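Peer 1: Chains as they are written, first to last, in this note's numbering: chain H, 1000 to 1250; chain P, 2 to 317; chain E, -15 to 403; chain S, 933 to 1358. Note that CB positions come from ideal geometry on N, CA and C, so glycine has one too. What you are looking at is a predicted structure, and each value in this text was computed from that prediction instead of being measured.
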Amino acid sequence: MSARTALALKGVTKNFGRAEIIRGVDLEIRENERHVVIGPNGAGKSTLFHLISGRLQASSGSIQLFGREIDGLPPHRINRMGLSRSFQVTNLFQNMTVMENLRCALLWSQGHKYAFWKRVTSQQGVTQRAEELLERLHLSEKRDVPASLLSYAEQRALEIGATIASGAQVLLLDEPTAGMSRTEADDMVELIREITTDCTLVLVEHDLGVVFNLADRISVLVYGEIIASDTPEAVRANAAVQEAYLGTEAH
Amino acid sequence: MLEVIAFSLLNGLLYGMLLFMLSSGLTLIFGMMGVLNFAHASFYMLGAYFAYTMGLYTGFWVALFLAPVLVALLGAMVERYGLRRVHQHGHVPELLFTFGLAYVIEELVRLFWGNIPMNYRMPEALNFPLFTLFGTSYPAFRVFMLVVAVVMFVGLYLLLKKTRAGLIIQGSLSRPDIVSALGHNVPQAFMWVFAFGTGLAALGGVIGGIHFVTEPGMAFMMGPIVFVVVVLGGLGSIQGALIASILIGVLQTFALSVDWSLAALGAYFGYAVPPDHFFATLWYMDSTRLAPILPYILLVLMLIFRPRGLMGKRET
Amino acid sequence: MRTLYHKRGALVGMVAAGALALTPLTATQADEPIRIGYIDPLSGPFADVGHAGLNHFRFAAERINDEGGILGRAVEIVPYDNQQSPSESASHVQRATGRGIQFVTQGNGSNIAGAILEAVDRNNRRNPDNRVLYLNYAAVDPAFTNERCSFWHFRFDAESTMKIEALTTYMADLDDVQKVYLLNQDYSHGHVIEQAAEEMLAEKRPDIEIAGKTLHPIGQVRDFAPYVSRIRGSGADSVITGNWGSDLALLVREADSAGLDVNFYTYYGGGLGVPAAIGDRGVDRVLQITEWHANVNVEEDQPEYAEWVDAFKERYPDIDWYYHRIYNQMYMLKAAIEEAGTTEPKDVASALAGMEFESPTGTVHMREDDHQLQQPLYLSIMDDDVEYDVENTGVGFRTLAKISSEDAMLPTTCEMERP
Amino acid sequence: MNTTQERVAAGPNASAAVWAQRLWPWVLGAGVVVVMPVIFTSSYAITLMSHMGVMIVFALSYNMLLGNTGLLSFGHAVYFGLGAYTAMHVLRYIQATGFGLPIELIPLVGALAGLFFGIIFGSVSTRRAGVVFAMISLGIGEMVHASAHIFTGFFGGEAGLFGNRTVPSSLFGVDYGPGIAVYYLVMVWTLLAAVAMYLLRQTPLGWMANAVRDNPERAQFVGYSPQMVRFFQFALAATFAGLAGGLYVLVDEIVTDETVGMIQSGTVLLSAYIGGIGSFFGPVLGAILVVFLEGELSDITDAWLLYFGLLFVLVVMFAPQGIFGVLTQQFFAWRAGSWRGSLGPRLYGVASLVVAAIGVVAVIEMAYHYFRHWNPAEPMALFIFEVTVTGPMPWAVALTVAVAGLAAYVGHARPMLRRAMGGGGR
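1) Considering Cα atoms alone, identify which of V155(P), P124(P), T215(P) is closest to Q240(P).
2) Less than 7 Å between CB atoms is the rule here; does H90(P) satisfy it with respect to chain S?
3) Let me confirm a value: E1131(H) is counted as buried when at least 16 other C-beta atoms fall within 10 Å, else exposed. Which label applies?
4) Quick one: does L257(P) have its CB under 7 Å from some CB of chain E?
5) Can you tell me whether Q86(E) is buried or exposed, with buried defined as 16 or more other CB within 10 angstroms of its CB?
6) Count the other CB atoms within 10 Å of the CB of S1101(S); is the residue buried (16 or more) or exposed (fewer)?
7) Check this for me: beta carbons of A1114(H) and A1161(H), under 7 Å apart or not?
8) How is H438(E) classed by DSSP in three states: helix, strand or coil?
9) What is the residue span of the alpha helix (DSSP H) that P969(S) lies within?
10) Using a beta-carbon distance below 7 Å, is G380(E) in contact with chain P?
11) Contact defined as beta carbons within less than 8 Å: I believe S982(S) pairs with V1245(S). What is the distance between those atoms, to the nearest angstrom?
12) Helix, strand or coil: which one does DSSP assign to H212(P)?
13) I want to see whether chain P comes within less than 7 Å of D170(E), judged by CB atoms only; does it?
14) Going by the CB atoms, is the gap between L311(P) and I244(P) shorter than 7 Å?
15) Between which two residues does the beta strand (DSSP E) holding L1033(S) run?
16) Quick one: what's got a C-beta closer than 7 Å to A11(E)'s C-beta in the same chain, skipping five residues either side?
17) I want to know whether the segment 1335 to 1350 of chain S touches the segment 1277 to 1291 of chain S - three or more CB-CB distances under 8 Å.
18) Going by Cα to Cα distance, which pick from L1242(S), P1136(S), T1191(S) is closest to T1126(H)?
19) Three-state secondary structure (DSSP) at Q90(E)?
20) Would you check if the distance between the CB atom of L1207(H) and the CB atom of G1038(H) is smaller than 7 Å?
21) Kindly indicate if chain S contains any beta-carbon less than 7 Å away from that of E108(P).
22) Tell me where the beta strand (DSSP E) around G1110(H) begins and ends.
23) Comparing the C-beta of T54(P) with each C-beta of chain E, is any distance below 7 Å?
24) Enumerate in chain order the residues of its own chain whose CB-to-CB distance from N107(E) is below 8 Å, with the five nearest sequence positions on each side excluded.
25) When the Cα of A66(E) is compared with those of T1199(S), E1226(S), L1093(S), V1248(S), which residue comes out closest?
26) At the 7 Å Cβ level, is N130(E) part of the contact set with chain S, yes or no?
27) Return the residues of the segment 185 to 206 of chain E that lie within a Cβ-Cβ distance of less than 7 Å from chain P, sorted by chain order.
28) Throw me the rounded Cβ distance for the Q1134(S) and M996(S) pair, which I believe falls under 8 Å.
29) Since H1111(H) contacts Y1156(S) with CB under 8 Å, what's their CB separation in whole angstroms?
30) Thinking Y251(E) and Q272(E) are a contact (beta carbons under 8 Å), I'd like their distance in whole angstroms, please.
31) Specify, as a first and last residue, the run of the beta strand (DSSP E) that A1018(H) falls within.
32) Just how far apart, CA to CA, sit S1254(S) and A123(E)?
33) Would you mind telling me which residues of chain P sit closer than 9 Å to Y211(E), beta carbon to beta carbon, in chain order?
34) Does the distance from the C-beta atom of F1049(S) to that of Y1011(S) stay below 7 Å?
35) Does the CB of I211(P) have a neighbour CB from chain S at under 7 Å?
36) Would you mind giving the Cβ-Cβ distance between T89(E) and Y121(E), rounded to the nearest angstrom? I have them listed as a contact below 8 Å.
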């Protein structure tokens, strides 16, 4: 395990009016770790992701990415610092083709920024990277199909692809296998495993099969608090977790 | 000076209440359906014309009730056969639809009633000076306008606070997803809200048509100001619409009645811009000439610094 | 993302649209009627004013044609709808010259007139073999016969400062005029009146106090209550206003309902739509300065011209013969063409310049220096006991004073370039 | 519609043949530009076509906002008008001082002014999209228009400003007095601007503009600030609008407050939308159509504004992809062979609609005659007939035609068409 800390949350809270959704979360995720956050519905998992990715601002506490404070920054700034995320609900450029989606995802990291003096399709670097990604996502056949016409599993795969395209070191994946059949979910796990070899991965996941298959470490979030954060084995054995979560959901 | 202030307040209040009649309907429609109805002022105009024509046969008092109902029915049809169809394409086409509708309504009004102002006068029963203040007589009709506007506000307030449908409407102004609580027939609910909103505008027209002028340009004149009020007051807030209406009414009336300029203000603090300075035109400009752009400056500033408006519960 | 084939349709469309443009382009022929391009608003908010003017011109043209036309050729009025837009008007000038039209006329709006004047000058400079004359029947900005004067422009209405000159001369003789309020629209027309009225009153009656002067946005004020309370606050006994249309009607109505007792000295108290909107509220209160009004025919016993006015009323029951200058303009044009023996604009212009013409109101004179018609003016007041009412309201105008053309005459700064 | 294959054809691996295919519309466009004035020689027609060029640039710049970036603006004329005013001031400056800027470059002055004001107003208005942006643009539009009457020094009051295009020197020694010379100058600029805007759509910024339009959140999570993307697009669109304003000055040699006004803003919105905001060439078609209708239809009928409004409403309701979109759709359908077997019903459908339209037009024209003519009893010319509208007969006939056409379409042709297309499409 690497010594560096990729993502560190200290005493993060989030209120919506009087409702306290996140109640003081401390979390440390090391570089190149595959970290899964689990917890019952309404525990605040998605909110936590929104806080980390900059979609929401924490009410208090600090969030650091590689030692730099990111709370309060807009999402695109956080993204440029090396953090990328996928969504629970498919969130693509629906009118664009698969290839175009990937290209868009690559533009910033390839340094093209807001350029209006060069054509996208003439940028060999972008094209090459996009083609590679297509290969790895097993979407080469669908290269020029609009995203909206892809199957659900393909859309999810493309979403993962768009997430990793920028070469971010830290990836947040929000329920990547939600709504998938068993085999589709297995394929997705396999894909994630393949394409995230040298990234730090933070997942929210319900499917416990996926969780224990993929995770290096697991954090359990219940009612806005982390009640355990440890290796899969240790979490499985943790009595508090069993009571609060596994006990109620996984008979 | 005192009389200028008193009259400006009275007239500003009056103008504000008229603005409120229009904007309350629009804020309902906008808040619930997300449709920023460009043709809203056109329904105000139709209210005036309908009431005028009807009044020739039935007299003013019948027209006062009948014209808004007719316009509301027309509004319901516009929603049912026009907006609902466009709705599936998204909000921008909806906006554009109402934009085009405003053109068409204006042309139709010109066609049927001509370009010249209508001879739409107040009923004889209200055509007398009610009281005299500082030597100026105050017509009874204006007081009547105020009464109608206040009655409307109270009625609307009770409707929204005391009835079930009202509570749901009120809820959905801040949380559009609640609309489904209206039951399974959301489209029909939309239709009636649209009809109700246009009916309110028409009521404003029945009265405003007398107070101002009933002519084909009246919608174009009123339209942008109503937007300003709705945005300023805050999305879906009836109280906000009331405050913003009165604010704009009083502000514009005051700017017109009182001699005032930045230079006067500057002189008060012992500062002056040299007359050949680039901003000198603005600096020495009379407030009367600046009055027309005041609402738009307010609008732009409000949208930049507080897009939710004065009392809005969520952003537009 | 985008496909190639989109483009073909665009070009097909372009070609199709272009093909349609062929229709209006017709060639000129020599023996056709003498055509006068009438450029005024025929759609939109000012359409009624434009149509009223058009009917005046058509009526006059028919009369001339019944009398045998000009040089044996018929006169035809060709309407162009300018939508009250300066740029649209300028392009209509171009369109008219393209069809070989040699005379254009316009009246509504000095901004429009400025654009037309510019377009006409430019055309005559660039296309010497296809010139056009601009006959201005109502745009009163003094600039057109002063610093912006042109050989190709003739004005048949009295320009704004002439009217103010006549108004103030009359007011100077009234002892009960003590405090005057100047309320005008915020554009050049209103600015000219405000400035000229202040200067001339100061010169003729230094004891008259300008109680206040206000400019308001044109065509946008719906509620004149604030202005009326300002006038009242100033203690004025008279108001001079160049307002027209609803800006005047609303002002007078508001003054009436607030019980404000002042006299309104106006330019356009009898203008289209105003009497109908003011009604009898204006009686003994609204005065106007014009080159003519219908009851002049009664007062000065002009049965022939009265017949003309009656015939017009019979033909167009909704409006009245209002533009006496159109009568002057058409008959002076006829005389000029007959004198020149040709419709060539340069020759007609030379004939028109300096022409004296016997009009029902007396001799009028087209001054050669600036092409401004010098004519008598009438100051009249709204009255409900007159033979000719206006707009079927039962209210008409009665002459208070006739100002001879010598008294209304003003010097000009025009330095005309003649070809 | 099989979009996949076309996308492949238009993809990045374009061969020389594809390049030729890409270029031919531009070559054809240039050809049309050269040929048109030979066919339509009157000075008015040439001015009309020059106006079309100006409007094309303006409408294309508008579509950079609405079509590409999803920003609905009600105040785009601000940049057109301010560009025009600035160009006019420079033209007058040249007149007054003999300053040596050649006339061919004056439109660039307009473009720079557009850019300048685009940066100023864009920085405050592009923070949000949607209704907030639309409202701010409306507010700024009203503000600038009202200012035109207040700051008469710059705007020249209601009379506007005049200039003379023949005064400045020419780079190529051309005399720009005749309209035809200006026409070619305008067209060269129009083509240049159109090509530039076409290419802009293919740049990273152009792509991200689409991305931000469709999904601003996703765009943020690939590193782009939606606000910045909107801002850049806005400033560029304002630049091209200013360029159009500069061209306008050369054509008309007059600028008035209506160039910054709401009506101008509305016209460009109508042009772009009627043509079709989904494709690059939609606004081109729309601009040509709108300028043509404004110039010609108003001479033919008093009801032209009504037709204009109805056309717009119908497009919004039934063809949100715009006229160009409908044409291309039909073109694809034809290529794909789906007209086969449904040609009869298609023609029948179109014919029934045309009949309905004729009936409606007849009713409107008669109504205008009845309500607006000083003497409704006077016979009027309607198509090839002469009718007297005070009697019931013409109304009955016209209404019958309209209703019959519509009924035939709704009740018969449309179901038939659906059946035929349902069968033929597979």
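Peer 2: Based on what the coordinates show:
1) Your numbering for residue 240(P) matches position 239 in the second sequence. For the residues V155(P), P124(P), T215(P), the minimum Cα distance to Q240(P) belongs to V155(P).
2) Numbered from 1 along the second sequence, position 89 holds the residue referred to as residue 90(P). True, the Cβ-Cβ gap to chain S drops below 7 Å.
3) Residue 1131(H) sits at position 132 when you count from the first residue of the first sequence. With fewer than 16 Cβ atoms within 10 Å of its Cβ, E1131(H) is classed as exposed.
4) Residue numbering aside, residue 257(P) sits at position 256 when the second sequence is read from its first letter. Yes, contact with chain E.
5) Translated into positions along the third sequence, residue 86(E) becomes position 102. Result: buried.
6) The residue you call residue 1101(S) lines up with position 169 of the fourth sequence. Flag for S1101(S) reads exposed.
7) What you label residue 1114(H) is simply residue 115 of the first sequence in a count that begins at 1. What you label residue 1161(H) is simply residue 162 of the first sequence in a count that begins at 1. For A1114(H) and A1161(H), no; Cβs fall outside 7 Å.
8) As shown, chain E starts at -15 and ends at 403. That puts residue 438(E) outside it, with no answer to give.
9) Here the question's residue 969(S) lines up with position 37 in the fourth sequence. Note, P969(S): alpha helix (DSSP H), 948 to 971.
10) Translated into the one-based positions of the third sequence, residue 380(E) becomes position 396. It does not; no Cβ of chain P falls within 7 Å.
11) By one-based count along the fourth sequence, residue 982(S) stands at place 50. By one-based count along the fourth sequence, residue 1245(S) stands at place 313. No, S982(S) and V1245(S) are not in contact; Cβ-Cβ is about 30 Å, not under 8 Å.
12) Locating residue 212(P) in the second sequence gives position 211, where the first residue counts as 1. Residue state, collapsed to three classes: helix.
13) For this step, residue 170(E) is matched to residue 186 along the third sequence. Yes, contact with chain P.
14) Residue numbering aside, residue 244(P) sits at position 243 when the second sequence is read from its first letter. Residue numbering aside, residue 311(P) sits at position 310 when the second sequence is read from its first letter. Cβ distance < 7 Å, so I244(P) and L311(P) count as in contact.
15) Translated into positions along the fourth sequence, residue 1033(S) becomes position 101. Note, L1033(S): premise wrong, no beta strand (DSSP E); not H, not E.
16) Within the third sequence, residue 11(E) is the residue found at index 27, counting from 1. The predicted model places A11(E) with a pLDDT of 39, which falls under 50 and marks its position as unreliable; any figure quoted below should be read in that light. Around A11(E): no qualifying Cβ.
17) Cβ pair count under 8 Å is three or more, so yes.
18) Residue mapping note: residue 1126(H) aligns to position 127 of the first sequence, counting from 1. Comparing Cα positions, the closest option is P1136(S).
19) As a working note, residue 90(E) is residue 106 in the third sequence. Three-state DSSP puts Q90(E) in a strand.
20) Mapped onto the first sequence, residue 1207(H) falls at position 208. Mapped onto the first sequence, residue 1038(H) falls at position 39. No, Cβ-Cβ distance for L1207(H) and G1038(H) is not below 7 Å.
21) In the second sequence, the residue the question calls residue 108(P) occupies position 107. By this cut-off, E108(P) is an interface position.
22) The residue you call residue 1110(H) lines up with position 111 of the first sequence. It is not in any beta strand (DSSP E) - G1110(H) carries neither H nor E in the DSSP assignment.
23) Residue numbering aside, residue 54(P) sits at position 53 when the second sequence is read from its first letter. No, T54(P) lies away from the interface with chain E (no Cβ there is under 7 Å from its Cβ).
24) As a position in the third sequence, residue 107(E) is number 123, starting the count at 1. The residues are V77, Q78, T81, N114, R115, V116.
25) As a first step, residue 66(E) is located in the third sequence; it is residue number 82 there, counting from the start. Here residue 66(E) is Asn; the residue named in the question, Ala, does not match the sequence. Among T1199(S), E1226(S), L1093(S), V1248(S), the Cα nearest to that of N66(E) belongs to E1226(S).
26) By one-based count along the third sequence, residue 130(E) stands at place 146. Closer than 7 Å: no.
27) Cβ contacts with chain P come from T198, L199, H200, P201, Q204, R206.
28) Your numbering for residue 1134(S) matches position 202 in the fourth sequence. Your numbering for residue 996(S) matches position 64 in the fourth sequence. So it is not a contact: roughly 13 Å between Cβ atoms.
29) Stepping through the first sequence from its first residue, residue 1111(H) is reached at position 112. Stepping through the fourth sequence from its first residue, residue 1156(S) is reached at position 224. With 8 Å as the limit, H1111(H) and Y1156(S) do not qualify as a contact, their Cβ atoms being about 10 Å apart.
30) Within the third sequence, numbered from 1, the residue matching residue 251(E) stands at position 267. Within the third sequence, numbered from 1, the residue matching residue 272(E) stands at position 288. The pair is a contact, with the Cβ atoms about 7 Å apart (cut-off 8 Å).
31) Position 19 of the first sequence, counting from 1, holds the residue named residue 1018(H). Start and end: 1018 to 1029.
32) Numbered from its first residue, the fourth sequence carries residue 1254(S) at position 322. Numbered from its first residue, the third sequence carries residue 123(E) at position 139. Per the sequence shown, residue 1254(S) should be read as Gly rather than Ser. Rounded to the nearest angstrom, the two C-alpha atoms are 42 Å apart.
33) Counting from 1 along the third sequence, the entry for residue 211(E) is found at position 227. Result: L257, S258, T289.
34) As a first step, residue 1049(S) must be located in the fourth sequence, where it is residue number 117. As a first step, residue 1011(S) must be located in the fourth sequence, where it is residue number 79. In contact: F1049(S) and Y1011(S) (Cβ atoms closer than 7 Å).
35) For the purposes of this step, residue 211(P) is taken as residue 210 along the second sequence, with counting starting at 1. No, I211(P) does not count as interfacial toward chain S.
36) Looking up residue 89(E) in the third sequence gives position 105. Looking up residue 121(E) in the third sequence gives position 137. Right, their Cβ atoms sit about 6 Å apart.
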